[in-house]
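In this text, residue positions in the sequence shown follow this note's numbering: the first is 366, and each later residue adds one. No residue lacks a Cβ here, since even glycine has one placed at the ideal position from N, Cα and C. Below is one structure, written out as structure tokens; comments come after it.
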Amino acid sequence: MELKEAIRGRRSIRKYLNRDIPNSVIEELLILAIQAPSSMNGQPWHFIVIREDKIKKRLVEIKNKYCPIEKQSYRADFLSKAPVIIVVCVDKQNSYEREVENGVLATANLMLGAYSRGIGSVYLSAYRHGEPRISEEIREVLNISQELDPITIVPLGYPDEIPEPKNIKPLKEMISYETYCKQ
Ligand SMILES: Cc1cc2nc3c(=O)[nH]c(=O)nc-3n(C[C@H](O)[C@H](O)[C@H](O)COP(=O)(O)O)c2cc1C
């Protein structure tokens with residue numbers, strides 16, 4: 366699949382077929398994830414591959430517990446139905462104060478790679494500024510040491526839904542040349 370086709374075609378998928386994704390495929394996707402740029406080329410990633418229902422349910426509980434009222438339509442129940450969940454973590458020592466950026470860029474590769482293999486995904490944050498208990502609780506459930514920060518939670522599964530077409534705002538509302546020009 367061409368890159369532009371993957372970029373244009375990828376959508377958030379929150380319903381999955383009851384079809385497993387073998388570890389060999391997961392590892393192919395993670396090989397794509399770790400090609401991402403990273404601060405000072407620190408390559409600080411660690412990926413936790415989750416298949417156990419008990420652990421998935423704990424992640425759902427944590428995400429729902431801290432889901433703000435205005436985001437209730439984005440509750441995380443669907444996570445427990447994904448055959449595989451990847452939690453993308455970064456090693457702080459090799460992140461050069463760019464933990465989030467390093468984690469997010471690898472996540473983007475992972476999601477595009479998944480789409481190119483026919484696998485659906487969604488981006489969920491594993492932390493929130495001002496609410497350290499989210500990452501602390503995730504850390505506890507997954508036995509993540511203090512050297513690592515969990516950054517994203519990415520459920521993976523073969524799609525069982527076709528999302529409604531997405532309205533993309535016109536580029537002209539988002540672009541200036543040379544200096545900022547309010548549209
Ligand atoms: C920083 C960030 C946080 C997100 N958090 C959630 C989330 O908590 N739950 C969820 O279902 N989707 C989450 N999403 C997915 C977005 O809702 C989704 O990407 C957006 O609606 C655009 O749809 P698309 O991915 O199909 O293009 C998040 C995406 C980003 C980039």
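Of all C-beta pairs linking the region 508-525 to the region 381-397, three or more are shorter than 8 Å, placing the two stretches in contact. Rounded to whole angstroms, Gly407 and Ile451 show a C-alpha spacing of 20 Å. The criterion of a C-beta distance shorter than 9 Å is not satisfied by Ile516 and Ala479. From the listed residues Ile540, Arg373 and Ala398, the smallest Cα separation to Val455 is found for Ala398.
One Cα belongs to Arg373, the other to Leu477, and the distance between them is close to 10 Å.
With 16 or more neighbouring CB atoms inside 10 Å of its own CB, Glu464 falls in the buried class.
Annotation for Thr472: the continuous alpha helix (DSSP H) segment containing it runs Glu464 to Ser481. Closer than 8 Å to some heavy atom of ligand 1: that describes the Cβ of Val487. In this structure, the alpha-carbon of Glu435 lies about 15 Å from that of Arg493. Distances from the alpha-carbon of Leu470 to those of Tyr542, Lys534, Val453 and Ser486 put Val453 closest. Short of 6 Å from the beta carbon of Leu394, and not among the five residues preceding or following it, lie these beta carbons of its own chain, in chain order: Leu475, Gly478 and Ala479.
Arg504 counts as buried, since at least 16 other C-beta atoms from the protein chains shown sit within 10 angstroms of its C-beta. Judged by the Cβ position, Lys436 qualifies as a neighbour of ligand 1 at the 8 Å threshold, a heavy atom of the ligand being closer than this. Restricting attention to Ile484, Pro402, Ile509 and Arg376, the CA atom closest to the CA of Ser460 is found in Pro402.
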